[in-house]
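Asks:
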Amino acid sequence: RQSNTWEIVDQYITECLIPYDSVLEEVLLANKQAGLPPIDVAPNQGKLLNIWVQMKQAKRVLEIGTLGGYSTIWMARALPADGHLVTLELEPRHAEVAQANFVHAGVDHRIELRVGNALDQLAKLEQENTEPFDLIFIDADKPNNPHYLKWALQFSRPGTVIIGDNVVRAGEVVDVHSTDPRIHGVRAFYDMLAAEPSIDATAIQTVGSKGYDGFAIGIVRG
Ligand code: SAM
2 RQSNTWEIVD QYITECLIPY DSVLEEVLLA NKQAGLPPID VAPNQGKLLN
52 IWVQMKQAKR VLEIGTLGGY STIWMARALP ADGHLVTLEL EPRHAEVAQA
102 NFVHAGVDHR IELRVGNALD QLAKLEQENT EPFDLIFIDA DKPNNPHYLK
152 WALQFSRPGT VIIGDNVVRA GEVVDVHSTD PRIHGVRAFY DMLAAEPSID
202 ATAIQTVGSK GYDGFAIGIV RG
């Protein structure tokens, strides 16, 4: 019953504040038809990412975990004409669907989709002396979250915003005895945020069409 309410309220919020967008609907449909798991962010969360990119006036965005590119498109739309978004995806099939979605959404010229294990791609970006990013969205395999945070800090400058998705996992995050490696990845991510003097962070629990979960958000100190 509770989750039904969350879903209905999410629908209400979406109807009120997020005008119908045929491209984004078609992207979700393409993902579904390609058999991708429906684990993209919800529309109101996608718009939140878009607003964060606007608030930061970000020009360079890094996303770890593309799936079909739904969150990517939301963020790419908030970039200025000379903005650039790098997104990392392990599964070639996901990447193929995402690339087609970027073309369909008319944002492919701003997006660099790199296929392969994110940890390898991040090491490559370092070798290529990539410029720091203004905003980094971590949304891939949760056991690797501590590694992704380490890389995110490396690719940051003062003021860079780092966001992590799925940091509550229906409350399981407080279960120290959990046997789920994703929970341990998320807990290690919190521990790192707590211990890392160069970032100021918080996390927020969320409920909605994607269940009960949460976002962590931090800003790199000057
Ligand atoms: N950000 C997407 C959205 O909201 O539309 C959802 C991303 S989904 C939760 C996580 C993605 O990370 C999946 O497509 C998965 O294949 C990818 N992934 C998992 N492990 C990875 C790895 N080691 N390197 C890169 N991507 C990985």
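Remember, the UniProt record's numbering sits 1 above the position in the sequence shown when you count from 1.
We put the beta carbon where it would ideally sit given N, CA and C, even for glycine.
Here the structure is a predicted model, which means the values were calculated and not measured.
#1: With DSSP as the reference, label HIS178 as helix, strand or coil.
#2: Hey, would you say the C-beta of THR67 is under 7 Å away from at least one heavy atom of the ligand SAM?
#3: With a cut-off of 8 Å, do at least 3 Cβ pairs link the stretch 107-115 to the stretch 71-81?
#4: Mind reading off the beta-carbon distance from LEU63 to VAL87? Whole number of angstroms is fine, and I expect it under 8 Å.
#5: Per DSSP, TYR213 is paired with what?
#6: Look at the alpha carbon of PRO147 and the alpha carbon of ASP176, and state the distance between them as a whole number of angstroms.
#7: Hey, is SER72 close to the ligand SAM, as in C-beta under 7 Å from one of its heavy atoms?
#8: Pick helix, strand or coil for LEU80, following the three-state DSSP scheme.
#9: Which of the three DSSP states, helix, strand or coil, is assigned to ILE19?
#10: How is ARG115 classed by DSSP in three states: helix, strand or coil?
#11: Give the secondary structure of THR6 by DSSP, where H, G and I count as helix, E and B as strand, and everything else as coil.
#12: Using alpha carbons as the reference points, say which of LEU49, ALA101, ALA59, TYR13 lies closest to ALA31.
#13: Take GLY107 as the anchor and find which of TYR191, ALA195, VAL28, ARG61 has the nearest alpha-carbon.
#14: Check whether the Cβ atoms of PHE134 and GLY165 sit closer than 8 Å, and answer yes or no.
#15: Drop a sphere of 10 angstroms on the beta-carbon of PRO44, count the other beta-carbons inside from all chains shown, and report buried for 16 or more, exposed for fewer.
#16: To the nearest angstrom, how far is it from the Cα of SER210 to the Cα of VAL221?
#17: I need the straight-line Cα distance from ALA82 to ALA59, nearest angstrom please.
#18: Going by beta-carbon coordinates alone, are GLU90 and VAL116 separated by less than 8 Å?
#19: Check whether the Cβ of ILE40 sits closer than 7 Å to any heavy atom of the ligand SAM, and report yes or no.
#20: My output table needs one value for ILE74: the three-state DSSP class, helix, strand or coil.
#21: Exposed or buried, ALA119, counting other C-beta atoms within 10 Å across all chains shown (16 or more means buried)?
#22: Considering only their Cβ atoms, is the gap separating PRO144 from HIS85 smaller than 8 Å?
#23: In the DSSP assignment, find the alpha helix (DSSP H) that holds HIS105 and state where it starts and stops.
Replies: From the atom records:
#1: coil
#2: yes
#3: yes
#4: 5 Å
#5: VAL208
#6: 18 Å
#7: yes
#8: coil
#9: coil
#10: strand
#11: helix
#12: ALA101
#13: VAL28
#14: no
#15: buried
#16: 31 Å
#17: 11 Å
#18: yes
#19: yes
#20: helix
#21: buried
#22: no
#23: 93-106
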